[in-house]
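The block underneath contains the structure these notes are about, expressed in structure tokens.
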Amino acid sequence: MTVVLTAESGGLRLDRFLASSLPELSRSAIQRLIETGQVSVNGKTVPKSCKLSGGERVSVTVPEPEPADAVPQNIPLDVVFEDGDVIVVNKPSGMVVHPAPGHPDGTLVNALLYHCGGSLSGVGGALRPGIVHRIDRDTSGLIIAAKNDAAHQALAAQLQDHSLARTYEAIAAGGFREDRGTVSAPIGRCGSDRKKMAVTERGGRDAVTHWEVLERFAGYTHIRCRLETGRTHQIRVHMAYIGHPILGDTVYGAKKPVSGLTGQCLHAVGLRFVHPRTGETVELSCPLDGEFQKMLEKLRRA
């Protein structure tokens, strides 16, 4: 498939222009296309950092999806919703979403390949079939996957325009003065540790998290968070930024593990999207993770 775009305004880097123009492609997929010469500007290949001045003709050739390299594995799944186009799973804490260095198998993708019989979209590439969005390994809750490319592209567009709504619940350290609020602060790679994200003006992307208090405890607060954007580690970074790191988050909060927790108390409790085939709104929810519920009970007794 070849897509021809016109850069209407200048000043944007090539990779950022394509990310905004082709939301169905991940940033890493766009960078791979540029690096392998599948993208041209006015007929010439250029680096991803090339700045557009406006009016250029940008051609993008997207090759046929590669066959999935991940191996199907018979791993139990808590399926919340499924039809011929999409599947929504309540992912347990500790499960990695897709194969990556250090996690070659045992992932959600391996389980989906077995469960769906290989019927997953190929837009995400060989190691991410069906994956529209991700949640962290140690975060539990709802995640949606696409069974075909048309569904994947439609859901990716909803992610881009924020009509795919995701709601989380968390236990945060400390007490909040207000009952609700919004954190609007750009997130990018941490300058001192590239494995971490941080609030940063330089190289950061807009990130907005809305939060509200559900229950207050001595030293902790049960909150609900709604994502307006979907940056890596967004809720964890934003809560740590305002002085309320997520309980059990040893990356952005206290380094010492919390007894009774294998991950952080962060759960994707709600998901709302427009079905890519029927056009109907699908709204789903799932109960809190078992460790999360036990921690709430412990705090209530304290």
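Take 2 as the starting number for the sequence shown in my numbering and just add one per residue.
Where a beta carbon is used, it is the ideal one built from N, C-alpha and C, also for glycine.
Given the structure is predicted, the values throughout are model-derived calculations rather than measurements.
Straight across, the Cα-Cα distance linking G11 with P77 is about 49 Å.
Look at the beta carbons and you see the stretch 137-156 touching the stretch 80-97: at least three pairs across the two are nearer than 8 Å.
Runs of the beta strand (DSSP E) lying entirely within the stretch 184-263, each at least 3 residues long, are 188-190, 198-200, 209-217, 221-228 in chain order. Excluding five sequence positions before and after G131, the CB atoms of its chain that fall closer than 8 Å to its own CB belong to I88, V110, L113, C117, L121, S122, G125, A146, A147, K148, H153, given in chain order. Within 10 angstroms of the beta-carbon of V72 lie fewer than 16 other beta-carbons, which makes it exposed.
Two segments are said to touch when three or more pairs of C-beta atoms, one from each, lie closer than 8 Å; by this definition the stretch 162-170 does not touch the stretch 238-258. Pairwise C-beta distances place the stretch 178-186 in contact with the stretch 201-218, as three or more of them are shorter than 8 Å. Assignment of beta-bridge partners to K52 by DSSP yields R14. Counting only the Cα atoms, R14 lies some 5 Å from C51. Annotation: E292 to A171 spans about 12 Å, alpha carbon to alpha carbon. Taking C-beta separations shorter than 6 Å and ignoring five residues to either side along the sequence, the partners of L262 in its chain run G249, E292, following chain order. Within the same chain, I188, A208, T210, L228 come within 7 Å of Q235 by CB-CB distance, once the 5 residues on both sides are set aside.
Nearest to D106 by C-alpha distance, out of I136, Q74, Y115, N91, is Q74.
About 5 Å separates the beta carbon of T62 from that of Q39, a gap short enough to meet the 8 Å contact definition.
Distance check between R138 and each of L285, Q159, G95 places G95 closest, using alpha-carbon atoms only.
Apart from sequence neighbours up to five positions away, the residues of its chain that approach A303 with a beta-carbon distance below 8 Å are F218, A219, ordered along the chain. If you check the CB distance, G231 and H134 come in under 8 Å. With respect to the C-alpha of E298, the residue from I247, H276, T222 having the closest C-alpha is T222.
Distance check between P277 and each of D150, Q265, K196 places D150 closest, using alpha-carbon atoms only. Looking at the DSSP output, S29 shares a beta bridge with no other residue.
Sorting R195, L26, M296 by C-alpha distance to the C-alpha of A173 places M296 at the top. By the CB criterion at 8 Å, I247 and R237 fall inside the cutoff. DSSP places N111 inside the alpha helix (DSSP H), whose first and last residues are 109-117. A Cβ-Cβ contact shorter than 8 Å links T233 with M198. F293 sits in a helix when the DSSP states are folded into three classes. A check of alpha carbon separations from T201 across L215, C226, E179, H239 identifies H239 as the nearest.
Around the beta-carbon of S21, fewer than 16 other beta-carbon atoms lie within 10 Å, marking it exposed. A Cβ-Cβ separation of about 5 Å places L285 in contact with L272 under the 8 Å criterion.
Sixteen is the threshold: since fewer than 16 other Cβ atoms of the shown chains lie within 10 Å of the Cβ of S54, the residue is exposed.
The residue from S60, Q294, T282, V270 with its alpha-carbon nearest to that of K92 is V270. Residue pairing by DSSP places G271 opposite T168, S286 in a beta bridge.
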